[in-house]
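Q: Before we start, here is the structure in question, set down as structure tokens.
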Amino acid sequence: MILPDSGHLALVLLLAAAIDIVFGEPPAAVHPVVWIGKLINFLKDAAPRTHRKIYGVAMALCCVFFAALLGYSVLYIAALPGMPGVLGLLLEAYFLKATFAINCLLSPAREIYGHLEANRLEKVREMLPIYVSRNPSKLTRTQMSSAVIESVSENYVDGVLSPIFYYTIFGGYGLVAAYAFKAISTLDSMVGYKTEPYRELGYFSAKSDDVLNWIPARISVIFILAAALTVALLPKKPGQIFPLNSIKSALEDGMKTPSPNSGYPMAATAGALGIKLEKPDNYILGALYPPSEVKDIKRVSQLIALASGFSLAAFAAVIQIAGIHLHP
């Protein structure tokens, strides 16, 4: 199999981004990550009552192998003799798009924003458990806004930055790497909890997710800074913006969350927007800032949309530059 060159890889990435922005998520029946999720569900339901930590390791490795094989199969099919170049390109872009989701990241925030604006708090309480792991029954309007802002900024790493990071650094096998990461990420979201019945079953998946997101979480601060600087230059701003405070807050508050990674994008966002983010009885980020408001949901959506765009452009450029140096 002839591996794609850097120009092809960069074009696939940009085309995948265009598919995501224009079309959003594909139907569940043809969504590769849904297929991975079904395998996880099958293996989870088959888990024994004993030796669950060992089974959890085997389950994770099985899912990673399946996902990596899926990515490799796409590369193989796209490189077959006689395969029209445009069709192969679209096939790779479609499967790469399935590993990240800018549209899906921002659309729930827009929907919840509408409900909060209309003061439909019970509707928001129904929706929040899908996106955040906290009891919404006693959350105030401010705490609901904070939960949404935290979710958008945290999921920027897991749902956008990390997949394209691994796609970039593994070159011709980037699609395989992106799918291997997505398997771990999906495992973490489905079984990576510290409570029963998943404490032992999801232990390996959760730790692997921490390791794989470690570098992207810290890189995210750079892209959030770039996005904040861009917003600061706009003639009409939706609110005050503090670009340099994104770095300051990330350094001060990045490790205040239970996760070793989620605090960095959330703290950077808190600093950039000049707001306090709080998960009751867990952590406070940007403690010296005023509490977040409903309007800040729109602001974080703008900030993370820009950060996502900068991420895609930067990694596409990295692929091209690396290709030029490797193959002058």
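Here the sequence shown stands for residues 0 to 327, numbered as in numbering that gives the first Met the number 0. Using N, Cα and C, we set each Cβ at its ideal position, and we do this for glycine too.
(1) First and last residue of the alpha helix (DSSP H) that includes residue 68?
(2) Could you tell me whether the Cβ atoms of residue 28 and residue 178 are closer together than 8 Å?
(3) Assuming the contact rule is C-beta atoms closer than 8 Å, residue 303 and residue 105 should be a hit. Round their C-beta distance to whole Å, please.
(4) Give the secondary structure of residue 284 by DSSP, where H, G and I count as helix, E and B as strand, and everything else as coil.
(5) Would you call residue 244 buried or exposed, if buried means 16 or more other Cβ atoms sit within 10 Å of its Cβ?
(6) Quick check on this structure: which residue in 272, 171 and 175 has the alpha carbon closest to the alpha carbon of residue 98?
(7) Distance, Cα to Cα, residue 189 vs residue 88?
(8) Are the C-beta of residue 205 and some C-beta of chain B separated by less than 8 Å?
(9) Whole angstroms is fine: what's the gap from residue 271's alpha carbon to residue 154's?
(10) Enumerated in chain order, which unbroken segments of the beta strand (DSSP E) with a length of 3 residues or greater are wholly contained in the stretch 201 to 235?
(11) Please report how far the alpha carbon of residue 240 lies from the alpha carbon of residue 128, in whole angstroms.
(12) Grab me the residues of residue 185's own chain with a C-beta within less than 7 Å of its C-beta, minus the 5 sequence neighbours each way, in chain order.
(13) Just to check my reading of the structure: residue 141 and residue 290 have Cβ atoms closer than 8 Å, yes? What is that Cβ distance to the nearest angstrom?
(14) Pull up the distance between the alpha-carbon of residue 215 and that of residue 117, whole angstroms please.
(15) Under a three-way DSSP split, which group does residue 125 fall into?
(16) Assuming residue 277 is part of the beta strand (DSSP E), what are its boundary residues?
(17) Taking all protein chains shown into account, do 16 or more other C-beta atoms lie within 10 angstroms of the C-beta of residue 6, making it buried, or fewer, making it exposed?
(18) Report back the beta-carbon spacing between residue 211 and residue 51 to the nearest angstrom; my notes put them in contact at under 8 Å.
(19) Taking a contact to mean a Cβ-Cβ separation below 8 Å, would you say residue 60 touches residue 163 in this structure?
(20) Do the CB positions of residue 205 and residue 191 come within less than 8 Å of each other?
(21) Go ahead and pull the three-state DSSP assignment for residue 290.
(22) Whole angstroms are fine: how far does the CA of residue 110 sit from the CA of residue 170?
(23) Considering residue 185, what are the terminal residues of the alpha helix (DSSP H) in which it resides?
(24) Check for me: the alpha helix (DSSP H) holding residue 10 runs from which residue to which?
(25) Which same chain residues end up closer than 6 Å to residue 124 when comparing Cβ atoms and leaving out the 5 residues on each side of it in sequence?
(26) Indicate whether residue 223 and residue 264 have their beta-carbon atoms separated by less than 8 Å.
(27) Determine the closest residue to residue 24 out of 107, 300, 126 and 54, with distance taken between C-alpha atoms.
(28) Which of the three DSSP states, helix, strand or coil, is assigned to residue 153?
(29) Taking only runs of the beta strand (DSSP E) that begin and end inside the stretch 87 to 143, which ones reach a length of at least 3 residues, in chain order?
(30) Indicate the three-state DSSP secondary structure (helix, strand or coil) for residue 194 in the structure shown.
(31) Where does residue 149 land, buried or exposed, given buried means 16+ other C-beta within 10 angstroms?
(32) Tell whether a beta-carbon distance below 8 Å holds between residue 64 and residue 167.
(33) What are the boundary residues of the alpha helix (DSSP H) that residue 248 is part of?
(34) For a quick check, are the C-beta atoms of residue 307 and residue 159 less than 8 Å apart?
(35) Cα separation between residue 217 and residue 82?
A: With the given structure in hand:
(1) 51 to 77
(2) no
(3) 7 Å
(4) strand
(5) buried
(6) 175
(7) 31 Å
(8) No chain B is part of this structure, which consists of one protein chain only.
(9) 17 Å
(10) none
(11) 29 Å
(12) 32, 35, 36 and 39
(13) 5 Å
(14) 36 Å
(15) helix
(16) 276 to 278
(17) exposed
(18) Not quite, the Cβ-Cβ distance comes to about 22 Å (not below 8 Å), so this is no contact.
(19) no
(20) yes
(21) strand
(22) 37 Å
(23) 173 to 190
(24) 5 to 22
(25) 135
(26) yes
(27) 107
(28) helix
(29) none
(30) coil
(31) buried
(32) no
(33) 242 to 252
(34) yes
(35) 40 Å
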